[in-house]
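Please read the structure below before turning to the comments.
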Amino acid sequence: MCVCVCVSRKWQPAQRLGKVLWLTRLTSLTVCTVDRGLVCLYFCVCLFQILQFTDCLSVSVHLSVCTSVQKDRSVCIGPAVSTAALIQVEPEKEDDPWDLPELHDTGVSWADLDTQGKVLRVFRSVGKFILLLGLLYMFVCSLDILSSAFQLVGGKTAGDIFQDNEVLSNPLAGLVIGVLVTLLVQSSSTSSSIVVSMVSSGLLQVSMAVPIIMGTNIGTSVTNTLVAMTQAGERDTFRRAFAGATVHDFFNWLSVLVLLPLEATTGYLYHLTELIVRSFHLESGENAPALLNVITDPLTHAIIELDESVITGIATGDPEAKNKSLIKIWCRTSTNTNVTLANCTRGMCWEWRNVSETLNIRKCGHIFVNTELPDLAVGLILLAMSLLVLCTCLVLIVKLLNSVLKGQVAKVIKTIINTDFPFPFAWLTGYLAIIVGAVMTFIVQSSSVFTSAITPLVGIGVISIERAYPLSVGSNIGTTSTAVLAALASPGDTLTNSLQIALVHLFFNVSGIVLWYIVPFMRAPIWLAKSLGDVTARHRWFALIYILVCFFLLPLLIFGLSLAGWAVLLAVLLPPAILLLFVVSVNVLQGRWPHALPSCLRTWDFLPIWARSLEPWDRVVTVVTACCCCCKCCEVAQGDEEAGSTSPPDQNQFTT
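If you use the UniProt record's numbering, the sequence shown corresponds to residues 1 to 656, in order.
Here you go:
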């Protein structure tokens with residue numbers, strides 16, 4: 001007879017003496033050999049694994065058989081022979097910081113409330129929902145004002161950047177220009193419209209505009225990264241929020257890393273979109289629909305209204321545009337054209353000419369319509385105001401969501417958003433999320449608004465990183481659909497080029513999805529964002545370094561080197577690129593196949609600590625910030641990092 005016994009680690013020591021789990025019994029074994037005992041033991045272990053009894057502290061196999069040790073000897077083994085030494089007890093797993101937190105409901109349950117309490121709870125819930133909608137409305141409006149502020153501060157500079165065709169002929173310089181211009185105007189739609197205008201007017205070839213469109217895709221992803229910085233107060237929340245924001249960044253950067261060299265060598269996007277445009281008979285259509293703008297424009301236009309044609313005019317070389325203000329004064333105008341004909345009846349002749357006159361009919365109603373301040377001053381005022389409103393709305397939205405998303409409500413929402421379809425359709429869930437992201441972005445007409453709105457939800461644990469990734473990818477598709485509709489509204493003589501540029505933007509993002517989403521193990525942006533989230537959770541100052549380097553310093557460096565020519569650009573950037581590739585390759589081998597490396601490269605211990613860890617730099621940042629006005633806050637944050645770190649600092653973080 002063979003009986004398997006399991007004692008659970010969840011039982012207290014006193015309970016373990018009296019409780020055992022009898023799983024099964026083996027009988028009908030007639031051969032008295034050692035194989036019989038091994039078969040029984042093997043059966044028990046396999047049964048525990050199949051039934052997933054991972055919390056077994058001890059396993060006993062009860063035998064009452066005679067086993068043969070040698071051919072000529074036999075020995076009887078008594079019952080209850082413990083085989084606990086043969087079973088390796090797995091250590092308890094530490095909590096995964098990427099697991100979605102349980103939002104427990106600490107309030108009184110609905111069943112325990114009286115009638116008055118139930119009525120008050122309903123009114124309170126409705127009030128919170130209305131307040132949440134109002135905060136979301138103010139959040140979207142503040143993003144719109146922020147975009148206008150950046151255009152006032154750097155809009156004319158952005159227009160000037162596009163005028164040097166010699167620089168734009170360099171694909172790498174074109175990419176950086178797209179990034180910088182989108183950062184200056186904080187709107188990929190505005191920067192894309194400038195590119196479309198230049199292509200339509202013949203100042204820029206479509207092939208030269210392709211890298212610029214790629215750059216606009218990168219520049220627009222900085223907004224939600226800045227939004228994630230507002231959640232730096234709590235470690236795990238900031239970890240998830242920053243990873244949820246930067247997963248969009250990594251998707252764009254990795255797509256450019258592959259598709260820009262491919263486009264420079266083969267013209268893949270240019271030839272594909274040209275073939276599509278030529279295969280259809282296209283006619284000029286209606287303007288792109290205004291969906292969310294119908295709701296937000298009354299408030300934003302009461303604060304500021306811009307004449308975006310000024311930026312386009314500067315980019316296309318209009319000399320009068322440089323002296324114009326971006327602040328819109330007249331919202332309704334009329335243009336009269338007088339035609340003078342040749343008249344020689346009395347011996348005097350006039351030349352044939354057209355005289356156009358613009359009549360101002362209605363003045364705009366925003367608060368800066370009569371201001372005498374320069375565009376820069378107005379832009380700085382709006383920048384400070386919009387950032388204040390943006391941060392306030394985000395803090396209140398997060399607190400409100402934390403108070404609402406508790407208990408059963410949180411479970412339902414998290415289940416709907418993060419649960420996959422049943423087998424065998426689980427793989428379709430991500431593609432549905434891509435469609436949802438595209439549709440929502442089309443409704444709000446801004447990928448920045450959509451990705452910035454889901455970033456706080458990722459931070460508080462309502463949306464997982466794995467689900468935020470397809471939503472962000474879908475937002476890239478949604479923002480291109482608006483550009484396609486806008487291109488269809490172009491005049492007939494410029495429709496082809498305008499639509500081709502819009503399709504370049506679309507197929508760039510589609511190609512990125514093919515590269516970095518369709519095959520599951522190719523979803524590198526997810527684990528890259530998680531790695532960066534772990535680093536920024538331990539060293540929160542590194543998030544600011546990431547933003548400054550990736551979106552400002554590195555693009556400016558590449559742009560400056562591109563002005564000096566290809567030789568200088570390659571001489572400066574090629575050695576760091578080779579070093580980075582070497583470090584990444586060694587890190588991968590260290591984690592997976594360390595024996596394939598020489599002994600000196602299996603760890604980074606041979607390097608000085610400042611070259612392989614961020615801990616020394618932490619001390620430098622602490623010293624630098626010790627005298628700031630908010631030193632008490634710095635001390636609290638530093639103490640939080642020392643006391644609440646979820647994982648010990650890694651001394652071999654060469655890649656961080």
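Ideal Cβ positions, reconstructed from N, Cα and C, are used throughout, including at glycine.
Closest to Val514 by CA distance: which of Ile558, Ser585, Val458, Ile434 is it?
What you label residue 514 is simply residue 514 of the sequence shown in a count that begins at 1. It is Ile434 whose Cα lies nearest to the Cα of Val514.
How many Å lie between Val568 and Leu557 at the Cα?
Stepping through the sequence shown from its first residue, residue 568 is reached at position 568. Stepping through the sequence shown from its first residue, residue 557 is reached at position 557. When rounded, the distance between both Cα atoms is 12 Å.
Can you tell me the Cβ-Cβ gap for Gly215 and Gly178, rounded? I've got them flagged as a contact below 8 Å.
Walking along the sequence shown from the start, residue 215 turns up at place 215. Walking along the sequence shown from the start, residue 178 turns up at place 178. Yes, they are in contact, since the Cβ atoms of Gly215 and Gly178 sit about 2 Å apart, within 8 Å.
Buried or exposed: which applies to Gly459, given that a residue is buried once 16 or more other Cβ atoms fall within 10 Å of its Cβ?
The count along the sequence shown starts at 1 and reaches residue 459 at position 459. That one is buried.
Between the segment 440 to 455 and the segment 519 to 536, are three or more C-beta pairs nearer than 8 Å?
no
Cα-Cα separation between Gly244 and Val222, rounded to whole angstroms:
Numbered from its first residue, the sequence shown carries residue 244 at position 244. Numbered from its first residue, the sequence shown carries residue 222 at position 222. When rounded, the distance between both Cα atoms is 12 Å.
Starting from the Cα of Ile454, find the closest Cα among Ile578, Gly365, Leu136 and give me that residue.
Here residue 454 refers to the residue found at position 454 of the sequence shown. When only C-alpha atoms are compared, the closest one is Leu136.
Given 8 Å, three or more beta-carbon pairs between the segment 466 to 473 and the segment 248 to 259:
yes
Quick check: the Cα distance between Leu573 and Gly219, rounded to an integer number of angstroms?
On the sequence shown, residue 573 is found 573 positions in, with the first residue counted as 1. On the sequence shown, residue 219 is found 219 positions in, with the first residue counted as 1. Roughly 21 Å between the two C-alpha positions.
Can you tell me whether DSSP reads Ile435 as helix, strand or coil?
Residue numbering aside, residue 435 sits at position 435 when the sequence shown is read from its first letter. In the structure shown, Ile435 sits in a helix (DSSP, three-state: H, G or I).
Mind checking who Leu306 pairs with in its DSSP beta bridge?
As a first step, residue 306 must be located in the sequence shown, where it is residue number 306. Leu306 is bridged to Ile327.
Name the DSSP beta bridge partners of Lys363, please?
Your numbering for residue 363 matches position 363 in the sequence shown. Answer is Trp330.
Meets three-Cβ-pair contact criterion under 8 Å: the segment 502 to 516 and the segment 256 to 268:
yes
How big is the Cα-Cα spacing for Gly134 and Leu299?
In the sequence shown, residue 134 corresponds to position 134, counting from 1. In the sequence shown, residue 299 corresponds to position 299, counting from 1. If you take the alpha carbons of Gly134 and Leu299, they lie about 13 Å apart.
Range covered by the alpha helix (DSSP H) that runs through Thr625:
Position 625 of the sequence shown, counting from 1, holds the residue named residue 625. Premise fails: Thr625 is in no alpha helix (DSSP H) and is neither H nor E.
Between the segment 496 to 509 and the segment 260 to 277, do at least 3 Cβ pairs fall closer than 8 Å?
yes
Determine contact between the segment 524 to 534 and the segment 136 to 152, defined as no fewer than three beta-carbon pairs at a distance below 8 Å.
Taking a cut-off of 8 Å for Cβ pairs, the segment 524 to 534 and the segment 136 to 152 do not touch, as fewer than three such pairs fall below it.
On a CA-only basis, which of Arg124, Cys550, Thr371 is nearest Ile329? Give me that one, please.
Numbered from its first residue, the sequence shown carries residue 329 at position 329. Measuring from the Cα of Ile329, the nearest candidate turns out to be Thr371.
Buried or exposed by the 16-neighbour rule on C-beta atoms within 10 Å, applied to Cys600
The count along the sequence shown starts at 1 and reaches residue 600 at position 600. Cys600 comes out exposed.
Leaving out five residues before and five after Gln500 in sequence, what residues of the same chain have Cβ atoms less than 7 Å from its Cβ?
The residue you call residue 500 lines up with position 500 of the sequence shown. Excluding sequence neighbours, Gln500 sits near Val206, Thr273, Glu274, Val277.
Are the CB atoms of Asn217 and Ser562 within a distance shorter than 9 Å?
As a working note, residue 562 is residue 562 in the sequence shown. As a working note, residue 217 is residue 217 in the sequence shown. Their beta carbons are not under 9 Å apart, which means Ser562 does not touch Asn217 by this criterion.
Thinking C-alpha only, which one of Asp99, Leu326, Cys364, Leu597 is nearest Phe150?
Here residue 150 corresponds to residue number 150 of the sequence shown, with the count starting at 1. With distances taken between Cα atoms, Phe150 lies closest to Leu326.
Using the beta-carbon count (16 or more within 10 Å), is Asn497 buried or exposed?
Along the sequence shown, one-based indexing puts residue 497 at 497. Buried, by the Cβ-count rule.
Compare the beta carbon distance of Trp98 and Lys363 with 9 Å and say whether it is the shorter of the two.
To locate residue 98, count along the sequence shown from 1; it is residue 98. To locate residue 363, count along the sequence shown from 1; it is residue 363. In this structure, Lys363 does not lie closer than 9 Å to Trp98 by Cβ.
Less than 7 Å between C-beta atoms, sequence neighbours within five positions excluded: which residues of the same chain meet that for Ala321?
Translated into positions along the sequence shown, residue 321 becomes position 321. Hits under 7 Å: Val310, Gly313, Ile314.
Can Ile145 and Leu382 be called in contact, C-beta distance under 9 Å?
For this step, residue 145 is matched to residue 145 along the sequence shown. For this step, residue 382 is matched to residue 382 along the sequence shown. Cβ atoms of Ile145 and Leu382: closer than 9 Å.
Figure out for me which residue from Ala241, His301, Cys393, Cys550 has the closest Cα to the Cα of Ala228.
In the sequence shown, the residue the question calls residue 228 occupies position 228. Across the set Ala241, His301, Cys393, Cys550, the C-alpha of Ala241 shows the shortest separation from the C-alpha of Ala228.
On a Cα-Cα basis, can you pick out the residue from Thr237, Leu485, Phe442 that is closest to Val196?
Your numbering for residue 196 matches position 196 in the sequence shown. Looking at the Cα atoms, Leu485 is the closest of the given residues.
Nearest to Arg602 by alpha carbon, out of Leu614, Ser585, Ser613?
For the purposes of this step, residue 602 is identified with residue 602 of the sequence shown, where counting begins at 1. Here the closest residue by C-alpha is Ser585.
C-alpha gap between Val176 and Ile213, whole angstroms
Start at 1 with the first residue of the sequence shown, and residue 176 comes out as number 176. Start at 1 with the first residue of the sequence shown, and residue 213 comes out as number 213. Computed Cα separation, rounded: 10 Å.
Put Phe250 into one of helix, strand or coil per three-state DSSP.
Mapped onto the sequence shown, residue 250 falls at position 250. Helix.
Residue environment, Thr333, which counts as buried when at least 16 other CB atoms sit within 10 Å:
If you number the sequence shown from 1, residue 333 lands on position 333. By the 10 Å Cβ count, Thr333 comes out exposed.
Identify whether Trp617 lies in helix, strand or coil by the three-state DSSP scheme.
Mapped onto the sequence shown, residue 617 falls at position 617. The DSSP-derived three-state label of Trp617 is helix.
Between the C-alpha atoms of Leu532 and Pro319, what's the straight-line distance to the nearest angstrom?
Working through the sequence shown from its first residue, we reach residue 532 at position 532. Working through the sequence shown from its first residue, we reach residue 319 at position 319. If you take the alpha carbons of Leu532 and Pro319, they lie about 46 Å apart.
Proximity winner among Thr296, Val210, Gln231, relative to Thr266 (alpha-carbon distances)
Counted from its first residue, the sequence shown places residue 266 at position 266. Comparing Cα positions, the closest option is Val210.
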